[in-house]
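Notes follow the structure.
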Amino acid sequence: MKLPILCPSCQSKLTVKTLNCEKCLTKVDGNFKMPLLAAIPEDAQQFIIEFVKNSGSLKEMAKTMSLSYPTVRNRLDEIINTLKTIENAH
Amino acid sequence: MHTNLIFNPFTRIAGYKALTIGVIGMLIAGYVSFYSHTHFDGVLNIHSGLAAPIWIHILWPFADVAFLGIWFTLLGIILSQSKIRIVDIFGTQAFAFLPLVPASLMGFSKSLDRLSEKLMGVDPKAIRLDMFPLNDILMVLIIILITIPLTVWSGILIYNGFKESANLPHKKVIPVYIAGIFIGMILPKFLIGHFLLN
């Protein structure tokens with residue numbers, strides 16, 4: 001299920017009101033801001049995780065993903081632009 | 001990232017690997033074209049009937065790809081916000097030459113030369129189909145039917161190679177590509193023809 005990040009009514013950023021422990025069912029109420037990474041699509045989040053796991057090496061990323069270096073770099077640039085757009089919009 | 005690998009293999013291959021494969025293809029094409037008297041006298045240009053030293057035949061594909069590499073690198077650096085690598089531009093452009101390698105064989109058929117000779121100096125209004133042997137007409141048609149798709153394929157690879165390497169949108173790639181192909185069709189022909197063949 002895709003995490004909603006914008007209010008469907010006014011398009012403002014949503015915050016987290018309740019956190020829930022699945023084991024003991026404890027609930028924590030508050031007003032938590034969502035991290036910037038939560039605002040990007042799941043495949044982009046996965047890309048960033050892989051990027052960090054590969055020590056930030058695009059060459060290694062390209063090897064493990066069986067893609068060319070420019071394709072991986074283009075994907076990273078695309079994610080950077082998305083993050084900048086989200087930051088600037090809010 | 002789902003792209004058609006026939007027309008855009010550059011999501012999988014670029015850089016030194018593409019450059020090495022492309023250079024091998026260009027050497028083969030140059031070597032074969034020496035014996036077939038074919039020459040790649042400009043980007044996406046293939047002609048037959050030139051008997052020049054072997055190094056000229058080998059130089060021509062390299063001149064075409066080098067021009068595209070330099071052109072796309074300069075424009076890529078100016079237009080792209082990504083950190084582009086020169087080896088990706090040159091590698092993809094060298095790889096894009098590969099569909100033209102089989103076209104180096106076309107000069108082995110003498111039909112093109114015979115047809116050209118017969119057409120030389122003939123009044124266009126006086127040209128009749130029965131002036132040419134049927135075998136030659138059929139052979140030329142076969143050569144055209146083979147080389148045109150190969151040339152189009154190479155042209156598509158040139159486009160996608162630049163787009164992938166420079167990370168540019170279509171609206172920026174299209175004018176750079178058209179200008180590059182247009183200049184590339186003329187400049188290597190002029191430079192090699194003027195300075196090395198005369």
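So the protein lines, in turn, are chains A and B. Under this note's numbering, read the first sequence as residues 1 to 90, first letter to last. Under this note's numbering, read the second sequence as residues 1 to 198, first letter to last. Beta carbons are placed, not taken as given, at the ideal position from N, Cα and C, and that holds for glycine.
Exercise for the section: Would you list, in chain order, the members of the region 57 to 68 of chain A that have their beta-carbon closer than 8 Å to a beta-carbon of chain B? Expected result: Of all residues in the region 57 to 68 of chain A, Ser66, Leu67 and Ser68 have a Cβ within less than 8 Å of some Cβ in chain B.
Handout entry: N- and C-terminal bounds of the alpha helix (DSSP H) containing Asn198 (chain B)
Key = Note, Asn198 (chain B): premise wrong, no alpha helix (DSSP H); not H, not E.
Practice task
Flag Asp29 (chain A) as yes if its beta-carbon sits less than 8 Å from any beta-carbon of chain B, otherwise no.
Solution key: It does not; no Cβ of chain B falls within 8 Å.
Exercise for the section: Evaluate Ser12 (chain A) with the Cβ neighbour count: other Cβ atoms within 10 Å of its Cβ, from every protein chain shown; 16 or more gives buried, anything less gives exposed. Expected result: Label assigned to Ser12 (chain A): exposed.
Exercise for the section: Count the CB pairs spanning the region 139 to 156 of chain B and the region 52 to 70 of chain B that are closer than 8 Å, and state whether there are at least three. Expected result: Segment contact: the region 139 to 156 of chain B against the region 52 to 70 of chain B, fewer than three CB-CB distances shorter than 8 Å; contact not assigned.
Exercise for the section: Mind the definition here: the region 67 to 83 of chain A touches the region 121 to 136 of chain B only if three or more C-beta pairs lie below 8 Å; say whether that holds. Expected result: As far as the Cβ criterion goes, the region 67 to 83 of chain A does not touch the region 121 to 136 of chain B, which means the pair count is below three.
Problem - Neighbourhood of Met1 (chain A) by C-beta distance below 7 Å, restricted to the same chain and skipping five residues each side - result: Excluding positions up to five away in sequence, the list is empty.
Exercise for the section: Check the Cβ of Asn74 (chain A) against every Cβ in chain B and list those closer than 8 Å, keeping chain order. Expected result: Correct list: Ser82, Glu164 and Asn167.
Exercise for the section: Just the C-alpha distance for Thr92 (chain B) and Leu79 (chain B), rounded to the nearest angstrom, thanks. Expected result: Using only the alpha carbons, I get a separation of about 18 Å.
Practice task
Enumerate in chain order the residues of its own chain whose CB-to-CB distance from Asn160 (chain B) is below 7 Å, with the five nearest sequence positions on each side excluded.
Solution key: Contacts found: Phe7, Asn8 and Phe10.
Practice task
List the residues of chain A whose Cβ lies closer than 7 Å to the Cβ of Thr11 (chain B), in chain order.
Solution key: What Thr11 (chain B) touches in chain A, judged by beta-carbon distance under 7 Å, is Leu67, Ser68 and Thr71, going in chain order.
Practice task
Mark Lys84 (chain A) as exposed unless 16 or more other C-beta atoms lie within 10 angstroms of its C-beta, in which case mark it buried.
Solution key: It is exposed - the Cβ of Lys84 (chain A) has fewer than 16 other Cβ atoms within 10 Å.
Exercise for the section: Output the boundary residues of the alpha helix (DSSP H) element that contains Thr147 (chain B). Expected result: Bounds of the alpha helix (DSSP H) holding Thr147 (chain B) are Leu134 to Ala166.
Problem - Residues within the region 93 to 124 of chain B neighbouring chain A, beta-carbon criterion of under 8 Å - result: Cβ proximity to chain A below 8 Å picks out nothing from the region 93 to 124 of chain B.
Exercise for the section: Inspect the CB distances between the region 28 to 47 of chain B and the region 99 to 116 of chain B and report whether three or more fall short of 8 Å. Expected result: Flag = yes, the region 28 to 47 of chain B and the region 99 to 116 of chain B touch.
Handout entry: The alpha helix (DSSP H) enclosing Lys84 (chain A), as first and last residue numbers
Key = Lys84 (chain A): member of the alpha helix (DSSP H) spanning Tyr69 to Ala89, first to last residue.
Practice task
Establish whether the CB of Gly180 (chain B) and some CB of chain A are separated by less than 8 Å.
Solution key: Not flagged as an interface residue toward chain A: Gly180 (chain B), since no C-beta distance is shorter than 8 Å.
Handout entry: 4 or more residues per run - each alpha helix (DSSP H) lying fully within the region 46 to 116 of chain B
Key = Runs of the alpha helix (DSSP H) inside the region 46 to 116 of chain B: 54 to 79 and 86 to 95.
Practice task
Pick out whichever of B:Asn45, B:Pro99, B:Met120 and B:Ile143 has its Cα sitting closest to the Cα of Val23 (chain B).
Solution key: Cα-wise, what sits closest to Val23 (chain B) is B:Pro99.
Problem - Extent of the continuous alpha helix (DSSP H) run through Lys59 (chain A) - result: Element bounds for Lys59 (chain A): Leu58 to Met65.
Problem - For Leu74 (chain B) and Pro4 (chain A), the rounded distance between their alpha carbons - result: When the Cα atoms are used, Pro4 (chain A) and Leu74 (chain B) turn out to be separated by approximately 42 Å.
Handout entry: Beta-ladder partner(s) of Leu6 (chain A), from DSSP
Key = Note: Leu6 (chain A) sits in a beta bridge opposite A:Lys13.
Problem - Beta-carbon proximity of Leu197 (chain B) to Ala18 (chain B), cut-off 8 Å - result: With a cutoff of 8 Å on beta-carbon distance, Leu197 (chain B) and Ala18 (chain B) are scored as not near each other.
Exercise for the section: Starting from the Cα of Gln46 (chain A), find the closest Cα among A:Asn20, A:Lys63, A:Ile79 and A:Asn31 and give me that residue. Expected result: Closest option to Gln46 (chain A), Cα to Cα, is A:Ile79.
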